[in-house]
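**Q** Here you go, one structure.
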Amino acid sequence: MDSACDVCEVEATPAIEARYLSDALPSSPPEKADDVVRVAGELWRAAAYREERYAATALTGLRVARGALELLPLHEEMITTGAWWDLVDGVQPRVRDLLLAHPAELGPVLRGWARSPDRWLRRSAVIAQLGARDRTDRALLTEVVEVNAADGEFFVRKAIGWALRDLAKTDPDWVRGFLAGHELSPLSRREAAKHLRKDPLPPTPRRLGVGP
Numbered sequence: 003m004d005s006a007c008d009v010c011e012v013e014a015t016p017a018i019e020a021r022y023l024s025d026a027l028p029s030s031p032p033e034k035a036d037d038v039v040r041v042a043g044e045l046w047r048a049a050a051y052r053e054e055r056y057a058a059t060a061l062t063g064l065r066v067a068r069g070a071l072e073l074l075p076l077h078e079e080m081i082t083t084g085a086w087w088d089l090v091d092g093v094q095p096r097v098r099d100l101l102l103a104h105p106a107e108l109g110p111v112l113r114g115w116a117r118s119p120d121r122w123l124r125r126s127a128v129i130a131q132l133g134a135r136d137r138t139d140r141a142l143l144t145e146v147v148e149v150n151a152a153d154g155e156f157f158v159r160k161a162i163g164w165a166l167r168d169l170a171k172t173d174p175d176w177v178r179g180f181l182a183g184h185e186l187s188p189l190s191r192r193e194a195a196k197h198l199r200k201d202p203l204p205p206t207p208r209r210l211g212v213g214p
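Taking our numbering, the leading residue of the sequence shown gets 3, the next gets one more, and so forth.
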């Protein structure tokens, strides 16, 4: 595990996580997004246990903070310093909410993340729209997948398949067409096609070779 929280001991139990979240909350609920940024950020940075970081992420889901642009820098910090799939993926719903609330602002951010040298930002850009269903920005999804299609990182390839598989639940024809027109790693294609297996899979385009 190469997270900046390597020193955190993994003792994930709902009771412990609930205790940390309860301790982190002030006596009265935060009334502003800025308050959530402060409290969640302090908890995240001072974490000695992984569960404290889970609790910090949960704090950012409070109604007063959901979809608030003030949280974007904290979300990015959580992704880059969390630096492992459990912490990174926990931020995903918050990023999706931001994108749905502020597409003009978040689109360029996600395009930048998709090209970042940080693999966790790249992964986050790819999976940002999980759960968006009919509100998925297909042009944005196409772009962030295309720029990472040849990425050798396991977690990025897995993310590509996950993002496409999620959209296939509501728009299988679009995903099938995407697979027919794009060269992806076998891992990405397998993951993407899990909801399409009742029909023959589209052939892999024959252009440049892509490794396993």
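Note that CB positions come from ideal geometry on N, CA and C, so glycine has one too.
1. Where do the N-terminal and C-terminal ends of the alpha helix (DSSP H) with residue 91 fall, by residue?
2. Which residue comes first and which comes last in the alpha helix (DSSP H) that contains residue 56?
3. With a threshold of 8 Å on Cβ separation, who are the neighbours of residue 151 within its own chain once the five nearest residues in sequence on each side are excluded?
4. When you compare each of 143, 72, 73, 174 to residue 116 by their alpha carbons, which one comes out closest?
5. Give the range of the alpha helix (DSSP H) segment to which residue 168 is assigned.
6. To the nearest angstrom, how far is the alpha carbon of residue 112 from that of residue 31?
7. With a threshold of 16 other CB atoms inside 10 Å of the CB of residue 160, please say whether the residue is buried or exposed.
8. Between the C-alpha atoms of residue 176 and residue 194, what's the straight-line distance to the nearest angstrom?
9. Provide the residue span of the alpha helix (DSSP H) that contains residue 136, from first to last.
10. Would you check if the stretch 120 to 135 and the stretch 64 to 74 touch, i.e. whether three or more CB-CB distances between them fall below 8 Å?
11. Taking the alpha-carbon of residue 35 as reference, which of 74, 94, 154 has the nearest alpha-carbon?
12. Under a three-way DSSP split, which group does residue 177 fall into?
13. Cα-Cα, which of 51, 39, 88, 173 is closest to residue 77?
14. Where residue 95 and residue 153 are concerned, what is the direct C-alpha to C-alpha distance, given to the nearest angstrom?
15. Measuring only the C-alpha atoms, how far is residue 198 from residue 148?
16. With a Cβ-Cβ cutoff of 8 Å, do residue 118 and residue 90 count as a contact?
17. Output needed for residue 121: all residues of its chain with C-beta closer than 7 Å, excluding positions within five of it in sequence on either side, in chain order.
18. Report buried or exposed for residue 47, applying the criterion of at least 16 other Cβ atoms within 10 angstroms of its Cβ.
19. Below 7 Å CB to CB, which residues in the same chain sit around residue 166 once its five sequence neighbours on both sides are set aside?
20. Given residue 108, which residues of its chain have a CB within under 7 Å of its CB, disregarding the five upstream and five downstream residues?
21. How many whole angstroms separate the CB atoms of residue 2 and residue 42, which I take to be in contact at a CB cut-off of 8 Å?
22. Would you call residue 106 buried or exposed, if buried means 16 or more other Cβ atoms sit within 10 Å of its Cβ?
**A** Reading from the atomic positions:
1. Boundaries of the alpha helix (DSSP H) around residue 91: 87 to 103.
2. From DSSP, the alpha helix (DSSP H) with residue 56 extends over 52 to 61.
3. A distance below 8 Å between beta-carbons, with the five flanking residues on each side excluded, links residue 151 to the following residues of its chain, in chain order: 162, 184, 185, 186, 187, 190, 212.
4. The shortest C-alpha separation from residue 116 is found at 143.
5. For residue 168, the enclosing alpha helix (DSSP H) has its first and last residue at 156 to 170.
6. One C-alpha to the other measures close to 30 Å.
7. A buried status is given to residue 160, since no fewer than 16 other beta-carbon atoms sit within 10 Å of its beta-carbon.
8. Residue 176 and residue 194: Cα-Cα distance of roughly 12 Å.
9. Here residue 136 belongs to no alpha helix (DSSP H), and DSSP marks it neither H nor E.
10. Cβ pair count under 8 Å is below three, so no.
11. Closest option to residue 35, judged by alpha-carbon separation, among 74, 94, 154: 74.
12. Note: residue 177 maps to helix in three-state DSSP.
13. Comparing Cα positions, the closest option is 39.
14. The C-alpha of residue 153 is placed about 24 Å away from the C-alpha of residue 95.
15. Our two residues, residue 198 and residue 148, have alpha carbons roughly 21 Å apart in a direct line.
16. Annotated as distal: residue 118 and residue 90, with beta-carbon spacing of 8 Å or more.
17. Excluding residues up to 5 positions away in sequence, 155, 157, 158 lie with their Cβ nearer than 7 Å to the Cβ of residue 121 in the same chain.
18. Residue 47 is classed as exposed because its beta carbon has fewer than 16 other beta carbons within 10 Å across all chains shown.
19. Contacts found: 177, 180, 194.
20. Cβ neighbours of residue 108 beyond the five flanking positions: 100, 101.
21. Only positions 3 to 214 of the chain appear in this structure, which leaves residue 2 out of reach.
22. Residue 106 counts as exposed, since fewer than 16 other C-beta atoms from the protein chains shown sit within 10 angstroms of its C-beta.
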